[in-house]
Every structure is written in C-alpha cells, then in structure tokens.
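Notes to accompany the following structure.
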Amino acid sequence: MLKVNDISKNFGSLKAVRNLSFSVEKGEVLGIVGQNGAGKSTTFKMILGYLQPDNGKVTINNRYVSEEILDRIGFLPEERGLYLDMTIQQQIEYFASLHGVTKKDSKERLAYWLEKLEVKGHKKTKIKDLSKGNQQKIQLICTLIHKPEFLILDEPFSGLDPINIDILLSVITELREEGVAIIFSSHNMQNVARISDKILMLVNGRAALYGNINDIRSMYESRKLYVEGISIDKINRTPGITKYSLDYPGYIIEFSSNLQVLNAINIYKKDIELSGYRIIIPTLDDIFKIVLKGEKNEKD
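Going left to right, the sequence shown walks through residues 1 to 300 as the UniProt record's numbering numbers them.
If you want it as structure tokens, here you go:
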C-alpha cells in the first residue's frame, strides 16, 4: 500500500527528517511515536504531497501521490479545522462533496457515524454548540465520510476522555479488519500498544526503532523483578541491583541486565520467606526511555 523509501527533508540547517523508510499494508496499523519536533508532522506532509522530500520517494500502490491517490486518503490533522457556524450536516456534506460523495450517501453515512461515535448532538446542531470532544468526532467523520482506503491520523486521541478513546480504538480496529491501512501518531504509549501492528519511533527526524510491536518488545529483555517476602537486607546484597522501590506488599527491583534478574530469581528461590515473584515485562514507555537514553549517549 504505502512505501516510504529513504526520504529526507531539511529546512535550512534543520534536518527535520533523515533517511526515513517504512511501509504500511492494507489492514495494518502503524503507530508513530516521538517527542515534539521528532519529524512526525513533516513526514505526514511528505506522504500527502504537501511537502516534497529532498531525496527519496513516497508511493501508494506503487504510484506517486497524485490528486487521484489523495482522494483515497483520509487525513485527520493535529490542528482541527471546522466551520463553527455550520451545522453538523452542513459540515459533513461540504467535506463529502470535496470527494464527490452525493448528498444522499453523505446523509446515510453521517447517520451511521453519529451513532457509531456516540456524538452528543443532532445533525442540525451547530458545530460551535458542541463540546470539544464532540467537535473532534465530527472532524473524524469528515475524514471518514468518503470511505478512504488509507488513513493518516495525527494525534487522534488528543483531548478525548477514556470512554471516547475506547470508542475510537474500536473504530480503528474495525477499519483495519475492513482492510484500511492506517497510520496514526500519539504521545500515549498505552494507546499505541493497544492498537498497533507495527511502531515507528522517531528521534531527531530518523527512525530510532521500527518493526512489529511484539518483535520490538522481545528485543528489550526485562531488567525488573517484583518480589514478595524478601528482606531489604537481602535485596541490598543481591548482585546487579541498580535500584528498588516499595510496591506493597513487595518490592520492584531493577537490575543492570536481564542475566542479573535470572541470577536473583535463583538466589531468592532458596529463601523460605519468598512468597511470590514475577518478571516485569518492559512497556513501550520503558522501551522509549531506553532508546532515548541510548540516542542521547550516542550523541554525547
């Protein structure tokens, strides 16, 4: 579906995106993560043809981006743009008309999405009278109204409460099952972990981490152990400990390596006071911090 091959973009001396490559297939979700200024929005703009890469290429279905290709894409920008004095129906019909969708079809699709997204408002309600969360849902309907084959969602969960986040995650899951290719960016690693097939971690405009989410997790062995029944004295005497903290009724212990975790388990198993233990699998947040630390050390 989408192939990004070795693209770069500079703004003067600023290297916004550097030699970036990735792909997204039909029925696949790619989560893009990174700090502000990492290059996420610039990458989206190059995919959409708003910016031309200085080198490399972007293709969708083996073709360069054109107006015909763009008509198959749904884009939800981070900066939301709605006409506040329009009603919900007027807003949707306007965006639908830009993609050649008839009024009849847009009305049917609007009714479906209003119910699906649990929008608190009637189709005759003005946009300005909606809550920010419901305005965001209308923006999403504008993105989906022409039934795109490929979705780009820039910070789609921003400003949503947990209930509406779950609704959006459910929608993304259904669209994936229908074969839609989806890219989204988010600062919330939990949402990325819940919905993504692959992740791309951008640091200073380049891919610091990219691949299948389960493969990436397996690359980062656990260095944390939770134990119950082991004394502070014994914890302090365990080789390889970097720090520990109380997590009642036990302790979370961090080690310098996964091997030290396994050694500690063997030691603690011999202690009759041990009442339980478990290895703590690293979260995406943990992995992100490890990667950022490694990038900083490499730069220094």
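The beta-carbon is built from N, C-alpha and C at its ideal position, and this holds for glycine as well.
- Inter-residue Cα distance where the pair is residue 173 and residue 220: Cα to Cα, the separation comes out at about 27 Å.
- Message: Less than 7 Å between the C-beta atoms of residue 226 and residue 252, yes or no?
- Response: In this structure, residue 226 lies near residue 252, with their beta-carbon atoms less than 7 Å apart.
- Query: Which class does residue 59 belong to by DSSP, given the choice of helix, strand or coil?
  - Reply: The answer is strand: DSSP assigns residue 59 an E or B state.
- So residue 47 and residue 152 are in contact, right, with Cβ under 8 Å, and what is the actual spacing, rounded? Indeed they touch by this definition, with Cβ atoms about 7 Å apart.
- Query: Using the rule of at least 16 other Cβ atoms within 10 Å of the residue's Cβ for burial, across every protein chain shown, is residue 65 buried or exposed?
  - Reply: Sixteen is the threshold: when 16 or more other Cβ atoms of the shown chains lie within 10 Å of the Cβ of residue 65, as they do, the residue is buried.
- Task: Classify residue 293 as buried or exposed, calling it buried when 16 or more other Cβ atoms lie within 10 Å of its own Cβ.
- Result: Looking at its Cβ environment, which holds fewer than 16 other Cβ atoms inside 10 Å, residue 293 is exposed.
- Query: Going by alpha carbons, who is nearest to residue 214 out of 224, 230 and 193?
  - Reply: Of the candidates 224, 230 and 193, the one whose C-alpha sits nearest the C-alpha of residue 214 is 193.
- Could you give the DSSP three-state label for residue 257: helix, strand or coil? If DSSP states are grouped into helix, strand and coil, residue 257 belongs with coil.
- Tell me, please, whether the segment 116-129 touches the segment 81-88 by the rule of three or more beta-carbon pairs shorter than 8 Å. Inter-segment contact for the segment 116-129 and the segment 81-88 is present: three or more beta-carbon pairs are separated by less than 8 Å.
- Message: Using a Cβ-based criterion (distance less than 6 Å to any ligand heavy atom), does residue 132 qualify as near the ligand GDP?
- Response: Summarising the ligand content, the structure contains no ligands, and the ligand GDP is consequently not present.
- Message: I need the boundaries of the alpha helix (DSSP H) containing residue 42, first residue and last residue.
- Response: Note, residue 42: alpha helix (DSSP H), 40-47.
- Can you tell me the Cα-Cα spacing of residue 256 and residue 198, whole angstroms? Going from the Cα of residue 256 to the Cα of residue 198 covers about 28 Å.
- Taking residue 20 as the reference, give the member of 242, 33, 4 and 41 with the closest Cα. Nearest option by C-alpha distance: 4.
- Query: What are the start and end residues of each continuous alpha helix (DSSP H) run of 4 or more residues lying completely inside the segment 257-281, in chain order?
  - Reply: Segments of the alpha helix (DSSP H) lying fully in the segment 257-281: 258-269.
- Range of the contiguous alpha helix (DSSP H) that encloses residue 248: Residue 248: not part of any alpha helix (DSSP H); DSSP gives it neither H nor E.
- Residues bridged to residue 154 (per DSSP): Residue 154 is bridged by DSSP to 185.
- Counting along the chain, where does the beta strand (DSSP E) carrying residue 212 start and finish? Segment 206-212, the beta strand (DSSP E) holding residue 212.
- Message: Measuring alpha carbon to alpha carbon, tell me which residue in 196, 246, 291 and 186 is nearest residue 77.
- Response: Each of 196, 246, 291 and 186 was checked against the Cα of residue 77, and the nearest Cα belongs to 186.
- Item | Selection from 135, 146, 117 and 119 that minimises the alpha carbon distance to residue 95 | That would be 146, whose Cα lies nearest to the Cα of residue 95.
- Cβ distance (whole Å) where residue 216 is taken to contact residue 287 below 8 Å: With 8 Å as the limit, residue 216 and residue 287 qualify as a contact, their Cβ atoms being about 7 Å apart.
- Query: If we ignore side chains and look at the alpha-carbon of each, how far apart do residue 212 and residue 264 end up?
  - Reply: C-alpha separation (whole angstroms): 30 Å.
- If you follow the alpha helix (DSSP H) that residue 103 is part of, which residue opens it and which one closes it? Segment 103-116, the alpha helix (DSSP H) holding residue 103.
- Item | beta strand (DSSP E) segment containing residue 30, residue limits | Note, residue 30: beta strand (DSSP E), 29-33.
- Query: By how many angstroms is the C-alpha of residue 242 removed from the C-alpha of residue 132?
  - Reply: In this structure, the straight-line span from the alpha carbon of residue 132 to that of residue 242 is close to 45 Å.
- Task: Quick one: grab the DSSP three-state call for residue 228.
- Result: The three-state secondary structure of residue 228, taken from DSSP, is strand.
- Message: With a threshold of 8 Å on Cβ separation, who are the neighbours of residue 72 within its own chain once the five nearest residues in sequence on each side are excluded?
- Response: Closer than 8 Å at Cβ, skipping near neighbours: 60, 148, 149 and 150.
- Item | residue 141, enclosing alpha helix (DSSP H) - first and last residue | Looking at the DSSP string, the run of the alpha helix (DSSP H) that includes residue 141 is 132-144.
- State the beta-bridge partners of residue 203 as determined by DSSP. In the DSSP assignment, residue 203 is bridged to 206.
- Query: Going by Cα to Cα distance, which pick from 119, 117 and 89 is closest to residue 105?
  - Reply: That would be 89, whose Cα lies nearest to the Cα of residue 105.
- Query: Considering only residues of the same chain and omitting the five flanking positions on each side of residue 1, which have a CB-CB separation below 7 Å?
  - Reply: Counting only Cβ-Cβ distances below 7 Å, and skipping sequence neighbours, we find 24, 25, 26, 60, 61, 150 and 181.
- Query: Distance, Cα to Cα, residue 8 vs residue 17?
  - Reply: Whole-angstrom Cα-Cα distance: 5 Å.
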